[in-house]
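J.: Protein chains in written order, with the numbering used here: chain A, 1 to 555; chain B, 556 to 1110. Structure incoming, see below.
Number of protein chains: 2
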Amino acid sequence: MTVIKWNVRAGTYYDSVVLMQLQRGLLELPGVLDAGVVMATQANRDLLATNNLLPDSISANPDDLLIVVKADTENSATDAIGKVDELLARRKSSSVSQDFRPRSLSAAVKQLPEANWVLISVPGRYAAGVAREALELGKHVFLYSDNVSLEDEIALKKSAREKGLLVMGPDCGTAIINGIGLGFANRVRRGSIGIVGASGTGTQAVTAHIHNLGSGISHAIGTGGRDLKSDVGAITAQQALDVLARDDDTKVIVLISKPPSPDIATSLISAAQKTGKPIVIYFIGYPPPARKIGNLRFAISLSEAAEISVGELEDSRIPQSSNSRFVRGLFSGGTLAYETLLGLQASISPIYSNAPITTYQLLEDPLHSRAHTIIDLGDEFFMVGRLHPMIDNDLRIRRMKQEAADEQVGMILFDVVLGEGSHINPAGELIPVIKEIRETRTGELEFVAIVIGTDDDPQNLQSQIDQLKDGGMTVFRTATEAVEHISLRFGSNKKSEFTPVNLDQLKQPLAAINVGLESFYDSLISQGAQAVHVEWRPPAGGNEKLASLLTRMKK
Amino acid sequence: MTVIKWNVRAGTYYDSVVLMQLQRGLLELPGVLDAGVVMATQANRDLLATNNLLPDSISANPDDLLIVVKADTENSATDAIGKVDELLARRKSSSVSQDFRPRSLSAAVKQLPEANWVLISVPGRYAAGVAREALELGKHVFLYSDNVSLEDEIALKKSAREKGLLVMGPDCGTAIINGIGLGFANRVRRGSIGIVGASGTGTQAVTAHIHNLGSGISHAIGTGGRDLKSDVGAITAQQALDVLARDDDTKVIVLISKPPSPDIATSLISAAQKTGKPIVIYFIGYPPPARKIGNLRFAISLSEAAEISVGELEDSRIPQSSNSRFVRGLFSGGTLAYETLLGLQASISPIYSNAPITTYQLLEDPLHSRAHTIIDLGDEFFMVGRLHPMIDNDLRIRRMKQEAADEQVGMILFDVVLGEGSHINPAGELIPVIKEIRETRTGELEFVAIVIGTDDDPQNLQSQIDQLKDGGMTVFRTATEAVEHISLRFGSNKKSEFTPVNLDQLKQPLAAINVGLESFYDSLISQGAQAVHVEWRPPAGGNEKLASLLTRMKK
């Protein structure tokens, strides 16, 4: 026979270390078979139920602490519940000693004025408040806490951006600043690879692998998992990229994230291109547009991201963007159009197509291009009673003239697919038209051709290429090469508008204030950093009613 | 001043070559400035309007032929329209001579009984009927025509699968059978690389690139763009993969497609694994699960797919699948969970997660796994008032026991993330639990650990690895390696159920019957293939009312 006893404590705050230690203490008591010590959220109640630790008769609110003991006898269970206060008190006395422990952030700052960093790991509902205070004190924030609202994240990051401060997080597990790991971090040697990580274990896996390959890390800046979603707009990632780009000791940057929102991916890739520094990008699950575009390299796994970053990367030329000019791609080959769109969408925005990859790229009227546009002229829409554009160039020639008449167009891209079945001399038919366009067109207009063919094809591959080149066209043999060319020319060139993060602060010996998990303080000290731990308690000891009363009284 | 005149011809069929030649003929007449000859679909009417060739007063049905002439004088326009019949007649007499031109498919078969292939490029609304007839005659179909309904495609392919015949298409631009290009195809040398292509120019780009790299093609089998969507279920791609796998002269297979439906991607990847042959996969825009999984290699561009296939590929072991057993991943690291899920989703199905990549992977109750499951135990859902699983293993230990109690579970996967902030001896805490599980568990249960750490980490990396290995665990250092291990063990092992395509037919000198575009016939002949062109006309000369009357009379 087993007996379950429980105890509900309303409206009092305990940190999660205390709860874990209480649970372990209860499990060590005689006769105790299992124990659960949790905040009584629905998720936690379901977990208790899964472990057969939740009798139906328990009622508790999500803010209540729920202590459940399963024992072999009634007496063992009662005794265990009776020991809860004693176990909680024992925990107190075992805490790491510190001569003087400040109870507030402002007091901690007075004690360690050189601290530029505040680590926050208090429960989510309090975390935004502490972060706000830290920003007001002019400190960078490492926000480990989760369960912070999106609204709070946006407000904190906007405020930080104005001040030139970083908010890493919320739910930021990992950072390494100037050789000191914050939160969860592997011990890695210093080196010249910088990391911008929107994922905690992603950053750990990459930094550890870089170390294991013999290289090292300058700084690893975390952003939190939501930073690269449209709502937040990659504020922290953009700041981090900017400060690492300005750091001469950072030679290569690795950018890791779960799949960003497409608009964010494009803007970050553009920002990365602008740095001119070798940057390795791994957006997990985002199809890489190419292995390499200018200074950018795209990885397809965490380990590969590390390997590429360690490999010698040469500086590449900074893209020569030509603003407010568009590329129009007029393809006979559907797959070539698709692969080109896939490659371009990473660095060019907005881009439309009648064969879109995502719905927001849909060109509703295939007869009229908008902004950057890739058209598949072999689409069924065009094909009723008409020969395929590989055989009959009429449709494409008309469309070329139409695109050239648009002064916003700076490049016309097209494919020339040779081989059996295709037109016997496509270059011969296209070149006079392009010449005619060039004679009447004012302003720069580049023609780029992707030629697919072999030296056995009936059209004579070399003669087709020569004709196109003689006609002034830029000729590529694969869509991938054309994508790189176009990305470098049209990649977005928007100036980022934010107060730059102070690079010197990143490079000073790390000094930090820790609010929340004491183990993070221990870890800082063991790494040789200066740190102060705040003996933080929630307002009014976690009693929400009292806290809200106090807030109103202050006003 | 310009004058526009037009002529509408209702219910008569002309093939698209005739229409193109009529338009060109009109443009050469004196005084003619522009001309349009189109079937009067909405798309074509809009195109005419874009070219200022569509006066408001024209009324025509989509099945009508619309002839528009723009000329400099009233007389020139009237004369041009008056020449339409003459121009149409001129075209007739210029057609390639052939001693005896059959007017039906069955007559053509009698003339060239060795023909195993029928090329169909008639207008979409007639194409399914011709294809059905070809299948009934026991012929493989190359279906170039577009605008064929999805229902027709499914019916044709199901019928073909039963008979061991291939339906390449509809909208199949390219194939190379036994050295002869069908439709659009580059001239490439024979060789040992086989292609299964759901995209026309994709196949052209890859085969041309392979040729240019010095290698060659055994067969390139097209499928049409919709084949890899759920509705069609990759019928042709599966058949093609199967027949090329059985062909000893095909040493490497390249599989190219626009992004397939996720279920189709999984089933094709599984089928590819089963072949044991080196297979290069490029699903354009589908994030590659890894560079390499067993005998599979994943490319990220058309040119790379060609390059990898040409590179020497060694045979890999065929996966040892253990049916009806599941993997359960219990991760502390969210990104590691995500990268693992991303890798596994390619070859394991169904797979669920509380941090899904696509909505259909969502594990609605994170407390209970289903089939294959990857759990992020650091998700906010679990984190209220609880230490992170990197610090506190309690949640994971309980879940391990829960998973082990499920007899369907064949593998428990977990990560061990070392470093600052993490538990000081995770292996020491997990191993006794795993031992305990092993002692009570009947049936095979593999424990696989992904260890992230460095030799400077406070936990002692090597000791953690040694402990895990001594405890009987399989240990990997990256998620990618674990993904390969798991994919090979759990990859789907479903038997494909279809009548195999006759390999000998693929390897005989190509003989084909061509219905539709005459240029395809010319191309076959110029490649040295045997071919017969059918002088095809639609039923009742394209008059739909009469055709339907005739059909009813036959019954």
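Glycine included, every Cβ here is placed at the ideal spot set by N, Cα and C. Remember, predicted model here, so these are calculated numbers, not experimental data.
If you draw a straight line from the C-alpha of B/R925 to the C-alpha of B/T778, how long is it?
T.: As a first step, residue 925 of chain B must be located in the second sequence, where it is residue number 370. As a first step, residue 778 of chain B must be located in the second sequence, where it is residue number 223. Taking the CA atoms as reference points, B/R925 sits about 34 angstroms from B/T778.
J.: Need the endpoints of the beta strand (DSSP E) that A/H533 sits in, please.
T.: Sequence index remark: in the first sequence, residue 533 of chain A carries index 533 (1-based). Q530 to V534 is the span of the beta strand (DSSP E), which, as asked, contains A/H533.
J.: What do you get for B/A565, buried or exposed, if any count of 16 or more other CB atoms within 10 angstroms of its CB means buried?
T.: Along the second sequence, one-based indexing puts residue 565 of chain B at 10. Exposed: under 16 other Cβ atoms inside 10 Å.
J.: Among all the DSSP beta bridges, which residues are the ones paired with B/H927?
T.: For the purposes of this step, residue 927 of chain B is taken as residue 372 along the second sequence, with counting starting at 1. Answer is B/I906, bridged to B/H927.
J.: Please tell me whether A/I357 has its Cβ less than 9 angstroms away from any Cβ of chain B.
T.: For this step, residue 357 of chain A is matched to residue 357 along the first sequence. So yes, A/I357 belongs to the interface.
J.: Compare the beta carbon distance of B/T756 and A/L418 with 9 angstroms and say whether it is the shorter of the two.
T.: Position 201 of the second sequence, counted from the start, is the residue given in the question as residue 756 of chain B. Position 418 of the first sequence, counted from the start, is the residue given in the question as residue 418 of chain A. Going by C-beta atoms, B/T756 is not nearer than 9 angstroms to A/L418.
J.: Would you give the residue range spanned by the beta strand (DSSP E) that B/G736 belongs to?
T.: For the purposes of this step, residue 736 of chain B is taken as the residue at position 181 of the second sequence. Counting along the chain, the beta strand (DSSP E) containing B/G736 begins and ends at I735 to G738.
J.: For the region 243–277 of chain A, list every residue whose C-beta sits within 7 angstroms of some C-beta in chain B, in sequence order.
T.: K258
J.: Does the ligand NAD have even one heavy atom less than 8 angstroms from the beta-carbon of A/K163?
T.: As presented, the structure is devoid of all ligands, the ligand NAD included, so that no description of it is given.
J.: Could you check how far apart the C-beta atoms of A/L445 and A/T454 are, in whole angstroms? I think they sit under 8 angstroms.
T.: On the first sequence, position 445 is the one that residue 445 of chain A refers to. On the first sequence, position 454 is the one that residue 454 of chain A refers to. Not really, about 30 angstroms apart at Cβ, beyond 8 angstroms.
J.: Just checking: is the beta-carbon of B/T756 within a distance shorter than 9 angstroms of some beta-carbon in chain C?
T.: Note that chain C does not occur in the displayed structure, where the protein chains are A and B.
J.: Kindly indicate which residue of A/T203, A/A115 and A/P102 has the alpha-carbon position closest to the one of A/Q508.
T.: Here residue 508 of chain A is taken as the residue at index 508 of the first sequence, counted from 1. Closest in alpha carbon position to A/Q508, among A/T203, A/A115 and A/P102, is A/A115.
J.: Would you call A/M1 buried or exposed, if buried means 16 or more other Cβ atoms sit within 10 Å of its Cβ?
T.: Numbered from its first residue, the first sequence carries residue 1 of chain A at position 1. Counting Cβ neighbours within 10 Å, A/M1 comes out exposed, since fewer than 16 surround it.
J.: Please state whether DSSP places B/I588 in a helix, a strand or coil.
T.: Indexing the second sequence from 1 puts residue 588 of chain B at position 33. Before going further, note that residue 588 of chain B is Leu rather than Ile in the sequence given. Correct three-state label for B/L588: strand.
J.: Give the straight-line distance between the Cα atoms of B/N606 and A/A265, rounded to the nearest whole angstrom.
T.: Sequence index remark: in the second sequence, residue 606 of chain B carries index 51 (1-based). Sequence index remark: in the first sequence, residue 265 of chain A carries index 265 (1-based). If I take the Cα positions, the gap works out to 38 angstroms.
J.: With DSSP collapsed to three states, give me the class of B/L973.
T.: Translated into positions along the second sequence, residue 973 of chain B becomes position 418. Three-state DSSP puts B/L973 in coil, outside helix and strand.
J.: At a CB distance below 8 angstroms, what residues from the region 27–41 of chain A approach chain B? Give them in sequence order.
T.: V38, M39 and T41
J.: Of all Cβ atoms in chain B, is any one closer than 9 angstroms to the Cβ of A/N147?
T.: Within the first sequence, the letter at position 147 stands for residue 147 of chain A. True, the Cβ-Cβ gap to chain B drops below 9 angstroms.
J.: Can you give the beta carbon distance from A/L105 to A/V515, rounded, assuming they're within the 8 angstroms contact cut?
T.: Position 105 of the first sequence holds residue 105 of chain A. Position 515 of the first sequence holds residue 515 of chain A. Indeed they touch by this definition, with Cβ atoms about 7 angstroms apart.
J.: Mind listing which residues of the region 1–20 of chain A have their C-beta closer than 9 angstroms to chain B's C-betas, in chain order?
T.: For the region 1–20 of chain A, the residues whose beta carbon sits under 9 angstroms from a beta carbon of chain B are, in order, Y14, D15, S16, V17, L19 and M20.
J.: Does A/N212 come out as helix, strand or coil in the three-state DSSP assignment?
T.: In the first sequence, counting from the first residue as 1, residue 212 of chain A sits at position 212. Annotated three-state conformation of A/N212 is helix, per DSSP.
J.: List, in order along the chain, the chain B residues whose C-beta lies closer than 7 angstroms to that of A/Q558?
T.: Residue numbering for chain A in the displayed model covers 1 to 555; residue 558 of chain A lies beyond these limits and cannot be assessed.
J.: Along the chain, where does the alpha helix (DSSP H) containing A/V243 start, and where does it finish?
T.: Stepping through the first sequence from its first residue, residue 243 of chain A is reached at position 243. Annotation for A/V243: the continuous alpha helix (DSSP H) segment containing it runs I235 to R246.
J.: Put A/V483 into one of helix, strand or coil per three-state DSSP.
T.: For the purposes of this step, residue 483 of chain A is taken as the residue at position 483 of the first sequence. Of the three classes helix, strand and coil, the one that applies to A/V483 here is helix, per DSSP.
J.: Establish whether the CB of A/G164 and some CB of chain B are separated by less than 9 angstroms.
T.: The residue given as residue 164 of chain A occupies position 164 in the first sequence. Not one chain B Cβ lies under 9 angstroms of A/G164.
J.: According to the neighbour-count rule (16 or more other Cβ atoms, all chains shown, within 10 Å of its Cβ), is A/Q238 buried or exposed?
T.: Within the first sequence, residue 238 of chain A is the residue found at index 238, counting from 1. Here A/Q238 is buried, its C-beta having at least 16 other C-beta atoms within 10 Å.
J.: Where does A/D146 land, buried or exposed, given buried means 16+ other C-beta within 10 angstroms?
T.: Taking the first residue of the first sequence as 1, we reach residue 146 of chain A at position 146. The residue in question, A/D146, is buried, as its Cβ has 16 or more Cβ neighbours within 10 Å.
J.: By DSSP, does B/T596 sit in helix, in strand, or in coil?
T.: Within the second sequence, the letter at position 41 stands for residue 596 of chain B. Correct three-state label for B/T596: coil.
J.: Thinking A/M20 and B/D947 are a contact (beta carbons under 8 angstroms), I'd like their distance in whole angstroms, please.
T.: Reading the first sequence from its first residue, position 20 is the one you call residue 20 of chain A. Reading the second sequence from its first residue, position 392 is the one you call residue 947 of chain B. Between B/D947 and A/M20 the Cβ distance is about 5 angstroms, and since that is below 8 angstroms, they are a contact.
J.: So the candidates are B/I765, B/P814, B/Q1060 and B/I748; which of them puts its Cα closest to the Cα of B/D804?
T.: Position 249 of the second sequence, counted from the start, is the residue given in the question as residue 804 of chain B. Closest by alpha carbon: B/I748.
J.: Round the Cβ separation of A/I71 and A/V37 to the nearest angstrom and send it over; I've been treating them as touching at under 8 angstroms.
T.: Translated into the one-based positions of the first sequence, residue 71 of chain A becomes position 71. Translated into the one-based positions of the first sequence, residue 37 of chain A becomes position 37. The question names Ile, but residue 71 of chain A in the sequence shown is Ala. Not quite, the Cβ-Cβ distance comes to about 15 angstroms (not below 8 angstroms), so this is no contact.
J.: Can you give me the Cβ contacts of B/G898 inside the same chain, cut-off strictly under 6 angstroms, excluding the 5 residues immediately before and after it?
T.: One-based indexing of the second sequence puts residue 898 of chain B at position 343. Taken in chain order, the residues that qualify are P844, A845 and V1038.
J.: Please list the partners that B/Y893 has in chain A, where partner means a Cβ-to-Cβ separation under 7 angstroms.
T.: Numbered from 1 along the second sequence, position 338 holds the residue referred to as residue 893 of chain B. Going along chain A in sequence order, the residues near B/Y893 (Cβ under 7 angstroms) are K258 and I284.
J.: Our contact map puts A/F520 next to A/L26 with C-beta atoms below 8 angstroms; I'd like the distance itself, whole angstroms only.
T.: For this step, residue 520 of chain A is matched to residue 520 along the first sequence. For this step, residue 26 of chain A is matched to residue 26 along the first sequence. At roughly 26 angstroms, the Cβ-Cβ gap does not stay under 8 angstroms, so A/F520 and A/L26 are not in contact.
J.: With respect to the beta strand (DSSP E) encompassing A/S257, which residues constitute its N-terminal and C-terminal limits?
T.: Here residue 257 of chain A corresponds to residue number 257 of the first sequence, with the count starting at 1. Per DSSP, A/S257 belongs to the beta strand (DSSP E) from V252 to S257.
J.: Give me the chain A residues within the contact set of B/Q1082, using Cβ-Cβ distance strictly less than 8 angstroms, ordered along the chain.
T.: Taking the second sequence and counting its residues from 1, the one referred to as residue 1082 of chain B is at position 527. Per Cβ cutoff of 8 angstroms: E420.
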